[in-house]
Structure formats: structure tokens, C-alpha cells
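Notes follow the structure.
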Amino acid sequence: MSLVAIVGRPNVGKSTLFNRILGQRKALVEDFPGVTRDRHYAEVTRYDKPFTLVDTGGFEPVSEDRLLVQMREQSQLAVEEADLILFVMDGREGLTPADHEVCAMLRRVEKPVLYVVNKVDSDKLENIAAEFYALGVGELHTVSAEHGRGIPDLVDALLEHLPEAPGDAESEPETRLAVIGRPNVGKSSLVNRLLGYERVVANPQAGTTRDSVDTPFTYNRRRYVLIDTAGIRRKGKVSQKLEKFSVIQALKGMDRAHVVLMVIDAVEGVTEQDLTVAGYAFEKGRGIILVVNKWDAVAKDQSTMKRYQEELQRTFKFLSFAPVIFVSALTGQRVAKIMAEVEKVAAEFDRRIPTAMLNKVLAEAERSHQPPVFQGKRLKFFYMTQVETRPPTFVVFVNKAEGVHFSYQRYLANQLREAFGFSGVPIRIHYRDRDRDTKD
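Each residue of the sequence shown is one higher than the last, beginning at 5 in my numbering.
Structure representation (C-alpha cells):
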């Protein structure tokens, strides 16, 4: 999926433009307690070509003379990872030296850039915005992100620069495994250990992104592709926002993966960044295994692992289904258990349950815990069927779908897991009125 980055000075309206392009898609896909989502990143799927949109945010400078330096850091990180850049300027404030600085940097990159003058709310401001042509960049897109003025034309221009959406990659026979996590948690060391198995035949080749490497290999006669999302390379003093942008690499890896290994630093523990990345894996519907690395560096007693696992379950409430493996990429401790777990999760990811078995579970669930009352009448569930795999997705037909309270949705999901397992994979359950057209 292509990545579109919005860059520019603080307070030029980047976040407003972000939300405007996103439209109604800014809400969480799954209203599940515990999902932590950094709203600077979002998938936009309401146009013909889906893409990931990144709002780089604005730095609050410590002092005035640091403005250009801090802007340059932020812009370079975004530009390095993006396929298309939206450079946003403030039409009310006018052209500034900082705008010239970033524009000069963008001229040196071999990537498409759309130059956007925001806050142009009227024809009068449209004339004033003409001063931005002094940048010598050719076409300018004058918009009002707040009021929607000029947004359709900007989106059309954006889509013209993006490649056509790829076909369904899920038909590919191999299982794609992404290693994700913050910088310096040991991802690359873990990858090297995984590819060092005696039963593995590896054939490294360059990946489709600049900073990740795809490695096809065979394990137990099954084909896999390991996606190493090594993250952004540190460049001197760049940057204070390095970890934030490592999410971009994880997003790219997860776009192509079936199963992700979420690597956590056992010494540092879980951070907000870990929750952000894991939340995206959940929302994307990927199989997930939590890998706690550097376990050799943790002082332990007989109950350390149990306490740590309980803490992970409290922190990652939305990943209660994910298996946890404690490893040391440095020493090789328990690394051999990872691929065995990957096999299990990949099988669950593709699992399909017969309709008769599903409806038996649904009927038993209703008997054990009556559905809620909605608009004075008790809800009635008619039947359940599985409509997709990767991840397992189900549809339940009910007399009033809007009346199914979230708590009862969680209850039914738990009943499915209790009956069928689905270890390591999220499940999706959609509710529809019985008389609704079910052709889709």
C-alpha cells in the first residue's frame, strides 16, 4: 500500500487536512477496549486506490533559531519513507523562509510532491495565495481543509500519482511473516537466528522497500517469506522523533504479511510505541505472536515469567488471543519455538468452520446468556456463517442488528474462541438484519 506523507510547519492545518482526506474512516475499525492507535497514521480505503496517510505533526520549537533544524528533521524522516509528499503551507500567513527551506529540500528528492496552500477560504485569499508561485514549483493546490474547498481536486491529483491497487496477494502460496517492533529491540538479531535453523533453506533477496529485506525460506516443507522491518537508520543526530516514524516501517511490513512477530524488549518493558504498532496489527487483522526478546538480560526467579505474562495480558487486553514466547536472540534461547508457533497461527489464520458447527455454538450461547432487549423486544439470532478467512470473518443474521450491544458481541466472540480456539488470530463478527440483501 502506498504511503502519503503530509509535511509542513506547525499550525498550517496538516491535521485538519489529514482528517478531511480521511473522511469517516478516522474511527477505529474495531471498537475494542485497549486498542491504542496513534491517529497520525491511518489507512484510506474510500478511493479507488487505497493508501496509508501520515500526518507528520508539527514541532513546537524550543527556541526560534531551532525552527528550521527541527522542521528539516521531521521532513527528512517523512520524505525518506513516503511514496508521495503533500507539502502544506499557510495561505493566510503567506510564504515564509521555512517554506523556502523545505521546498529546497523537496526539490532534491526523486519523489512526487504536491504543493498545497491551505486556509484559502475565499476568492480573495485565492489571489493572495499567488505569492507562493515564487517557489517556482509549477502547480499549486489551493484548498481549505477546514471547509473542504479544493479538496476533491487535490485528492484527484494525489490518486493520479499512486500506482494501481495490486491484485489479491492472498492467493500466493507462501506464508509471509513480518518481524515488527521499536528500534533496538533485537529484530535483526532475531531474524538472523530464525534463518539459522538447520532445517531452513534461505535465499536472501532485496525486498520491495528500501529498508526491509524479504527472505524466502522453507520450514517443515512449507514456504515462508520473512519480512524484516529493520526500521529507519539513525543518521547522526536525526531524530528526536525516530521511534514515531518506525511505525511506518511496521505498517509497510504488515501490509504484505499474514503473521507478525511483535518483538518487545524484556528489559525496557512495554511502551506506548509497542501498543501503537500492536494496535495496527490487530486492526489490519493479522495473525500475531508476542515475542519478548532479551529474556537472558532479565533477573529472574521461579515466578518471573508468569508475572511478566500476566502484565502483558493486562497491557495488551485487545491481544488476549496472542501467544507469548520469551526468547533471547543473543543466546538462541527458545527461538526454536517461534516457527512452530507460526505454523499454528498460520493454520488458524486460514481456518474455516462449517456453518452447522457455528450455529450449534450460536444456539448454545443464546441458551447460556440471553440476547439483550432492544426497543422493547428481545433480539433473536437466526444463524451464523463464515464469509472469509485471513482473518476468520463471520456474519450473524439477527432481527435488529443495531441492537446488538458491544458487550454481547464480545460474549459471542469469546464463545467462538472457546469452541474453536483461533489462537493468535483476530476474528471479525459482523451483524446484519435478516431481511438485508446478503449477496455481498
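Each residue gets a CB set at the ideal place from its N, CA and C atoms; glycine is no exception.
Within the DSSP bridge table, the entry for residue 45 names 58 as partners. About 17 Å separates the beta carbons of residue 142 and residue 92, which is beyond the 8 Å limit, so they are not a contact pair.
Note on geometry: alpha-carbon atoms of residue 402 and residue 384 lie some 6 Å from one another. With respect to the 8 Å criterion, residue 285 and residue 309 are not classified as neighbours on the basis of their beta carbons.
By the Cβ-count criterion, residue 157 is exposed, with fewer than 16 other Cβ atoms from all chains shown falling within 10 Å of its own Cβ. With respect to the C-alpha of residue 98, the residue from 130, 112, 83 having the closest C-alpha is 130. Cβ contact annotation for residue 345 (same chain, cutoff 7 Å, sequence separation greater than five): 293, 327, 329, in chain order. Note that the C-beta distance between residue 283 and residue 430 is not below 8 Å. CA-CA distance, residue 306 to residue 358, rounds to 43 Å. Taking the CA atoms as reference points, residue 138 sits about 31 Å from residue 55. The alpha carbon of residue 117 has as its nearest neighbour, out of 9, 223, 132, the alpha carbon of 9. It is roughly 12 Å from the alpha-carbon of residue 296 to the alpha-carbon of residue 184.
Under the DSSP assignment, residue 415 falls in the alpha helix (DSSP H) whose first and last residues are 410 to 424.
The alpha-carbon separation between residue 332 and residue 193 amounts to approximately 9 Å. In the three-state DSSP reduction, residue 341 falls in the helix class (H, G or I). Taking C-beta separations shorter than 7 Å and ignoring five residues to either side along the sequence, the partners of residue 271 in its chain run 298, 301, 302, following chain order. Each residue's CA atom was taken as its position, placing residue 127 and residue 388 some 55 Å apart.
For residue 148, the closest C-alpha among the options 377, 120, 140 is that of 120. With fewer than 16 other Cβ atoms inside 10 Å of its own Cβ, residue 364 counts as exposed. Taking the Cβ atoms as the reference, residue 322 lies roughly 14 Å from residue 428, outside the contact range of under 8 Å. For residue 286, there is no enclosing beta strand (DSSP E); the residue is found in the alpha helix (DSSP H) stretching over 276 to 287. For the 8 Å CB-CB criterion, residue 27 and residue 122 do not form a contact. Across the structure, residue 279 and residue 260 are spaced so that their CA atoms are roughly 20 Å apart. Beta-bridge pairing by DSSP links residue 104 to no other residue. Within the model, the alpha-carbon separation for residue 354 versus residue 223 is close to 18 Å.
Here DSSP, grouped into helix, strand and coil, assigns residue 371 to helix.
By the neighbour-count definition (other C-beta atoms within 10 Å, threshold 16), residue 367 is an exposed residue. In this structure, the beta-carbon distance from residue 163 to residue 232 does not fall below 8 Å.
The shortest C-alpha to C-alpha distance from residue 111 to any of 134, 304, 83, 188 is the one to 83. Rounded to whole angstroms, the gap between the alpha carbons of residue 199 and residue 228 is 11 Å.
Cβ atoms of residue 190 and residue 274 stay farther apart than 8 Å, at about 15 Å. Per DSSP, the beta bridge partners of residue 377 are 382. For residue 180, the CB contacts under 7 Å within the same chain, skipping 5 residues up- and downstream, are 229, 231, 260, 261, 262 in chain order.
Straight through space, the alpha carbons of residue 405 and residue 436 are spaced by roughly 5 Å.
Under a 10 Å Cβ-count criterion, residue 396 is classified as buried, with 16 or more other Cβ atoms of the shown protein chains found around its own Cβ. Residue 115 and residue 134 do not touch by the CB rule: their CB atoms are close to 26 Å apart, not below 8 Å.
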